[in-house]
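Position 140, counted from 1, in the sequence shown is what UniProt numbering calls 140; the numbers after and before it change by one each time, with no gaps. Worksheet for the structure shown next.
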Amino acid sequence: MIDKDRIYAEPQTQVSDFVFDEQVARVFPDMIKRSVPGYPTVMESTGLIAGQYATPGSLIYDLGCSLGAATQAIRRHVRADGCRVIAVDNASAMVERCREYLSAQDAMIEELLPVEVLQADILALRLQPCSVVVLNFTLQFIAPELRLGLLRQIYESLLPGGVLILSEKLEFADSFTGSELQRLHYAFKRANGYSELEIAQKRTAIERVMLPDTLDTHRLRLQDAGFAQVVPWFQCFNFCSLIGFK
Ligand SMILES: C[S@@+](CC[C@H](N)C(=O)[O-])C[C@H]1O[C@@H](n2cnc3c(N)ncnc32)[C@H](O)[C@@H]1O
Ligand SMILES: O=C(O)C(=O)C[C@]1(C(=O)O)C=C[C@@H](O)C=C1
Numbered sequence: 001m002i003d004k005d006r007i008y009a010e011p012q013t014q015v016s017d018f019v020f021d022e023q024v025a026r027v028f029p030d031m032i033k034r035s036v037p038g039y040p041t042v043m044e045s046t047g048l049i050a051g052q053y054a055t056p057g058s059l060i061y062d063l064g065c066s067l068g069a070a071t072q073a074i075r076r077h078v079r080a081d082g083c084r085v086i087a088v089d090n091a092s093a094m095v096e097r098c099r100e101y102l103s104a105q106d107a108m109i110e111e112l113l114p115v116e117v118l119q120a121d122i123l124a125l126r127l128q129p130c131s132v133v134v135l136n137f138t139l140q141f142i143a144p145e146l147r148l149g150l151l152r153q154i155y156e157s158l159l160p161g162g163v164l165i166l167s168e169k170l171e172f173a174d175s176f177t178g179s180e181l182q183r184l185h186y187a188f189k190r191a192n193g194y195s196e197l198e199i200a201q202k203r204t205a206i207e208r209v210m211l212p213d214t215l216d217t218h219r220l221r222l223q224d225a226g227f228a229q230v231v232p233w234f235q236c237f238n239f240c241s242l243i244g245f246k
């Protein structure tokens, strides 16, 4: 039974910065599905895209994997022989549950891709040669000044023909676009049962630790990292997904 996200349901005198701790991990499936428009589509499509670009015998990375939803989709779609997934997250509460969720998937379906779940800082990770890197809703939590270096390391680790699947919340240079899409995002949250208080307190909790960029910033930085081709493949309100091609 998935626990309901009620972390911000009661008034908090001091809303502390959002962290991926035990209380978040326990409600995360509910939280992210009710907070990120299109999340189920992004997860399943991440698996489908990985299935198109994973090459036999190669590694696939899921960086900032949380509970491994993208890794589970990758295992449902990738058919190339000899692939292995490395799922990485620095939150112990997420890694513990990720291992449990993947073991449960193994119990239900035979002969899935092997997965190694690492508790590590993706900024300190030495990536091995790989054909697919997934970075879904994680870069936005990395210090802005460290994002280009991470993307450059990802680019250098990709084999020829490899892809980066990047999903993020977006900022907008145009204030009308930004305010209207934020309005629709909050309507999405309300439609999913969040109260005005929960929306306001969650906004306070993430505003210093989750720093979205504009689509142009993503495009230019990805090209600066080496990705000559960047293709947007999904957007729902102020959330989007891109593929960077090596
Ligand atoms: C919004 S969640 C990502 C959602 C997940 N990719 C998915 O598709 O369900 C952000 C995740 O990134 C992880 N994270 C943030 N900074 C990290 C870092 N420097 N190294 C590893 N994981 C990090 C957090 O612990 C959290 O689990
Ligand atoms: O932008 C918001 O209001 C969110 O809640 C987004 C978001 C995210 O994009 O990661 C923030 C924290 C949680 O991981 C779940 C969703």
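We put the beta carbon where it would ideally sit given N, CA and C, even for glycine. The structure presented is a predicted model; accordingly, all values stated were derived computationally and were not measured.
At least one heavy atom of ligand 2 lies less than 7 Å from the C-beta of S35. Residue burial annotation: P40 is exposed, with fewer than 16 other C-beta atoms found within 10 angstroms of its C-beta.
For R76, the secondary structure class from DSSP, reduced to helix, strand or coil, is helix. Between Q119 and N90, the CB-CB gap stays under 8 Å.
Excluding sequence positions up to five before and after I206, its CB lies within less than 6 Å of the CB of F18, all in the same chain and listed in chain order. Annotation: Y8 to D213 spans about 25 Å, alpha carbon to alpha carbon. In terms of side-chain proximity, the C-beta atom of M31 is found nearer than 7 Å to a non-hydrogen atom of ligand 2. Around the C-beta of K169, 16 or more other C-beta atoms lie within 10 Å, and the residue is accordingly described as buried. Counted as a single uninterrupted DSSP element, the beta strand (DSSP E) harbouring C240 occupies residues 239 to 245. Excluding five sequence positions before and after E44, the CB atoms of its chain that fall closer than 6 Å to its own CB belong to A73, given in chain order.
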